[in-house]
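Below is one structure, written out as structure tokens; the observations come after it.
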Amino acid sequence: MDQETAKLNERKEVGNKMYNYIKDSVHGLMTFEPICMRIIDTLQFQRLRNLHQLGAANFVYIGATHSRFEHCLGLITKEDVMCIKIAGLCHDLDHGPFSHVFDGLFLDQLRKKNIIDEAFKGHMSKDQWTCLLSTVIERYLDSNGVLCGRPSRNQRFLYDIVNNAHSGLDVDKLDYFMRDSLYTGAKMSCDTDLLIRDARVLADREDPNKLMVICFPEKLVGQIMQAFRTRYELHQYVYQHRGVRAIDYMLCNLLISANDHLTVKRQRISEVMCSMEAYQHFDDRVLLKIQESDGAELSEVRSLLNRIFSKPYYDFVGKTALTDHSQQKSVNMLLNELQQFSDVSTFR
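Numbering (full-length UniProt numbering), first residue to last: 1 to 348.
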């Protein structure tokens, strides 16, 4: 059976609808309506199979090979309304390769080098983009200036099911807590089924408008604390592991070095976001393209990739908590301080 998910041939007809079953490694047998299957079977959704959920962590934790495909399937339950199911399915479709390396480290470096501005110049100016957004948004505003189709004030909690801006506890996090713990060997100590079963929607007593929010009974305080403890431990021992972070920076440098010499559907790596055709083919398999290349222009990139596969990784210098005082310093000031404690002559 496929490691991430196994789609079963069995279908069940309820009323006039044909439901599909998918066997998931975390949640077991899950049921999907036809509209969900139409989304799952698109090229854009199937692309998630080639995006590791934990990015570079699979080089350190050999079992952490699960993908964003199964994570997105795992966000939905039979109790959710259809729109929330679709939101859960689609919430990661925009992800680039290697978890947050692409949309974090890589794009930050492109901005510093003004490469992003150059990439977008040939597509649309800022004035054109502003005009387009205002035209599209204004078309769907009601008389009160609210986007048409948005939930009423008493239904705002629907957003919090997938992405909870109030408590930070939502099905997105609960799913990747369980999934990442399973595949890395970390311990998941909270009862997620209990949290979901006993959650209630109540008026927020601290909100002057008494907006409805997702709440949990006091008896589950311990379980909630365990959930955030799990999040802390995953960050401490998996997401921010020194080996994982070293590979993150190596992958970032690899993508930057390959930018001018590697294309996806005739688009440079810095330009794939401007083309849906290119972006839907841009995933973790970019490493395979580099590995199979034989041109001299990618020789240094291949050397860096071989170093990721066989080590040594970038050296870990150290870490420290940022204080209010240190955050007021410029990046150059911080780099100068680091240079005083390192043999490295330059930092990028």
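Where a beta carbon is used, it is the ideal one built from N, C-alpha and C, also for glycine.
All values derive from a computational prediction rather than experimental measurement.
| Check | Outcome |
| --- | --- |
| Under 8 Å by Cβ, that's how I've got R49 and S67 pegged, so tell me the actual separation to the nearest angstrom. | 5 Å |
| Roughly how many angstroms separate the alpha carbons of M273 and V221, rounded to a whole number? | 42 Å |
| Can you list, in chain order, the residues of its chain whose CB lies under 8 Å from that of L304, leaving out five sequence neighbours each side? | M250, N253, L254, S257 |
| Quick check: what's the CA-CA separation for I161 versus G88? | 9 Å |
| Assess, as a yes-or-no matter, whether the region 52 to 72 is touched by the region 97 to 105 under the definition of 3 or more beta carbon pairs within less than 8 Å. | yes |
| Is DSSP giving H166 helix, strand or coil here? | coil |
| For R348, count the other beta carbons within 10 Å of its own beta carbon; 16 or more makes it buried, fewer makes it exposed. Which is it? | Summary for R348: the model assigns pLDDT 47, below 50, so the residue's position carries little reliability, and this model does not support an answer. |
| Assuming E246 is part of the alpha helix (DSSP H), what are its boundary residues? | For clarity, residue 246 is Ala in the given sequence; the question names Glu instead. Per DSSP, A246 belongs to the alpha helix (DSSP H) from 242 to 258. |
| Less than 8 Å separating the beta-carbons of Q226 and C190? | yes |
| Helix, strand or coil, according to DSSP, for F347 in the structure here? | Bear in mind that a pLDDT of 45 at F347, under 50, signals an unreliable position, so the number given afterwards is only what the model happens to contain. Three-state result, F347: coil. |
| Can you check whether the CB of L174 is closer than 8 Å to the CB of L195? | yes |
| On a CA-only basis, which of Y176, Q240, F157, M188 is nearest V201? Give me that one, please. | F157 |
| Since residue 349 is in the alpha helix (DSSP H), which residue starts that stretch and which ends it? | A question about residue 349 goes unanswered here, because the residues of the chain that appear run from 1 up to 348. |
| Whole alpha helix (DSSP H) runs in the region 265 to 346 with 4 or more residues, listed along the chain? | 276 to 279, 286 to 292, 299 to 310, 324 to 327, 331 to 339 |
| Counting C-beta neighbours from all protein chains within 10 Å, is the total for F45 16 or more, i.e. buried, or is it exposed? | buried |
| Rounded C-beta distance between M212 and N154? I'm assuming under 8 Å. | 5 Å |
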